[in-house]
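So the structure is just underneath, and the comments pick up after that.
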Amino acid sequence: MTEPRKRQIGMNRFFARKSGAAKERRDGEAPDLRNSDTEGSSKDVATGDVKNKDRSSWFKRLKDGLSKSSSALGRGISELFVKRRLDETALQELEDLLIRADLGLDTALRVVNAIGKGRYDRKVDPQEVRAVLAEEVEKVLEPVATPLEIVSERKPHVILVVGVNGSGKTTTIAKLAAKFRADGKAVTLAAGDTFRAAAVEQLRIWAERTGAAIVARKTGADAAGLVFDALREAKAAGSDVLLIDTAGRLQNRAELMAELEKIVRVIKKIDENAPHSVLLVLDATTGQNALSQVETFGQKVGVTGLVMTKLDGTARGGILVAISARYRLPVHFIGVGESVEDLEPFQAREFARVIAGIEE
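The opening position of the sequence shown corresponds to residue 361 in our numbering, with each subsequent residue numbered one higher.
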């Protein structure tokens with residue numbers, strides 16, 4: 361029997377605590393952060409990367425974090441390919457399984473077509489299917505697995521962090537601040553989520569722990585005005601990085617998205633090239649809804665990269681593959697837990713092997 365036709369269906373423990381209190385803005389006084397070690401040129405890769413000897417530890421945490429996603433997918437593959445020949449029905453069932461796992465139609469078709477080549481009408485082992493799945497997922501993810509580069513000369517490199525309510529923006533900013541400070545960078549935090557007192561307090565605590573500066577205002581203050589002040593003060597202080605928190609907003613609320621656009625306009629009044637990075641933080645548990653978030657935030661504020669959080673709390677981790685296949689935006693970090701070390705630079709091969717259920 362000939363091989364099946366190719367389907368053409370459409371579409372808080374990582375860092376050592378820094379001594380000293382957070383440097384908050386006082387009237388007429390900008391925090392002095394000119395003790396940064398980052399001299400010279402160029403682009404510093406913001407990895408916060410673990411050492412080689414700790415890579416296996418990160419792989420284990422990633423494996424544990426993605427266990428809900430990988431076990432559901434692995435179980436389905438095992439049940440599907442037990443003493444069974446590869447035929448059209450098996451391929452269709454595999455395609456359905458991959459789509460249910462949120463990998464997306466494009467990736468599902470890639471995997472099914474790759475499995476079908478040279479294997480049609482013969483028995484296929486589940487491990488063989490997992491190996492092909494890992495290989496094809498890695499091909500999708502490899503082009504987007506991109507480090508976040510910080511250009512030292514910008515003073516500061518402005519990072520605007522956006523996302524919907526509950527996606528983990530403030531926590532992500534805190535973890536990034538810890539990583540940047542551990543790398544010797546001078547950091548200013550802008551507490552732009554002025555609607556949530558808890559968000560401001562969380563950043564104050566992390567600023568104190570890491571030795572970062574923070575610019576904050578009372579609850580309900582104008583977020584755009586705060587960001588304007590924060591950028592001026594970060595420049596005056598010689599900060600390497602300005603991390604801007606923003607209030608969570610639903611992507612279908614036009615007035616809230618307009619407020620975010622206002623923040624971008626205010627930033628450009630001081631630096632027409634800023635923000636230099638716009639990070640969209642995505643909650644993996646939202647599944648397919650994350651696709652519309654990428655679409656809308658990308659249109660409104662020009663998202664330059666992604667951070668996916670809460671991969672440890674869902675069986676829908678495959679959505680990152682679907683997003684990567686459709687939008688091809690850089691994926692800088694993924695999060696699989698609460699600790700600083702649970703937010704790590706995204707590695708395509710590691711993610712692909714774990715989600716396919718392949719051991720290190």
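Where is the CB? At the ideal position from N, CA and C, for every residue including glycine.
Here the structure is a predicted model, which is why all the values come from computation and not from measurement.
So residue i packs on residue j, CB below 8 Å; how close in whole Å?
i: P690; j: V504; result: 6 Å
i: K483; j: R445; result: 6 Å
i: V696; j: L671; result: 5 Å
i: G585; j: F555; result: The pair is not a contact, with the Cβ atoms about 14 Å apart (cut-off 8 Å).
i: L651; j: T532; result: That pair is no contact at about 20 Å.
i: A675; j: K420; result: In fact, because the Cβ distance is near 19 Å, the residues do not count as touching under 8 Å.
i: A708; j: L440; result: Contact flag wrong, Cβ pair sits at about 25 Å.
Verify whether the separation of the beta carbon atoms of residue i and residue j is less than 8 Å.
i: A494; j: I718; result: yes
i: M470; j: E496; result: It is worth fixing the name first, because residue 470 is Arg in this sequence and not Met. It is a contact, given that the beta carbons lie within the stated cut-off.
i: V522; j: L454; result: no
i: V518; j: L602; result: yes
i: D485; j: G678; result: no
i: T606; j: G528; result: no
i: L520; j: P705; result: no
i: S684; j: T664; result: no
i: A573; j: L549; result: yes
i: V547; j: D600; result: yes
i: T467; j: L457; result: no
i: S722; j: V714; result: Only positions 361 to 720 of the chain appear in the structure, and residue 722 is not among them; the question remains open.
i: V575; j: A596; result: no
i: A594; j: W566; result: no
i: P507; j: H692; result: yes
i: E498; j: A712; result: yes
i: A682; j: G544; result: no
What does a CB cutoff of less than 6 Å around residue i pick up in its chain, not counting 5 residues either side in sequence?
i: N525; result: G608
i: T530; result: A559, Q562, D605
i: M668; result: L642, A644, L680, I694
i: G434; result: G717
i: K622; result: A584
i: V624; result: V661
Give the secondary structure of residue i by DSSP, where H, G and I count as helix, E and B as strand, and everything else as coil.
i: D543; result: coil
i: K483; result: strand
i: A575; result: It should be noted that the sequence gives Val, not Ala, for residue 575. If DSSP states are grouped into helix, strand and coil, V575 belongs with the strands.
i: R613; result: coil
i: P690; result: coil
i: L520; result: strand
i: R445; result: strand
i: K413; result: With a pLDDT of 45 at K413, under the threshold of 50, the modelled position of this residue cannot be trusted, and the question is left open.
i: S637; result: strand
i: T506; result: coil
i: A491; result: helix
i: A468; result: helix
i: T548; result: strand
i: L536; result: helix
i: G665; result: strand
i: V696; result: coil
i: D424; result: helix
i: G463; result: It should be noted that the sequence gives Leu, not Gly, for residue 463. Three-state result, L463: coil.
i: D643; result: strand
i: G526; result: coil
i: D456; result: helix
i: E719; result: coil
i: G476; result: helix
i: Y632; result: Reading off the sequence, residue 632 comes out as Glu, not Tyr. If DSSP states are grouped into helix, strand and coil, E632 belongs with coil.
Please list the terminal residues of the continuous alpha helix (DSSP H) segment that includes residue i.
i: S427; result: 427-440
i: T570; result: 557-570
i: S652; result: 649-661
i: E593; result: 583-597
i: R514; result: First-last for R514: undefined, no H or E at that position.
i: E710; result: 708-715
Ignore the nearest five residues each way along the sequence and tell me which others in residue i's own chain have a CB closer than 8 Å to its CB.
i: G658; result: L640, Y687, L689
i: A491; result: A716, I718
i: I437; result: L454, L457, P486, V489, R490, L493, G717
i: T645; result: K670, G673, T674, R676
i: K629; result: F588
i: K443; result: K483
In chain order, what residues of the same chain lie with their CB nearer than 7 Å to the CB of residue i, ignoring the 5 residues before and after it?
i: G425; result: L671, D672, V696, G697
i: E710; result: F419, L422
i: R592; result: I630
i: K535; result: V700, L703
i: G647; result: D462, R676, I679
Could you please give the first and the last residue of the uninterrupted beta strand (DSSP E) stretch that includes residue i?
i: T674; result: It is not in any beta strand (DSSP E) - T674 carries neither H nor E in the DSSP assignment.
i: L703; result: 703-705
i: L603; result: 601-604
Say whether chain B places a C-beta atom closer than 8 Å to the C-beta of residue i.
i: D481; result: Included in the structure is just one protein chain, with no chain B present.
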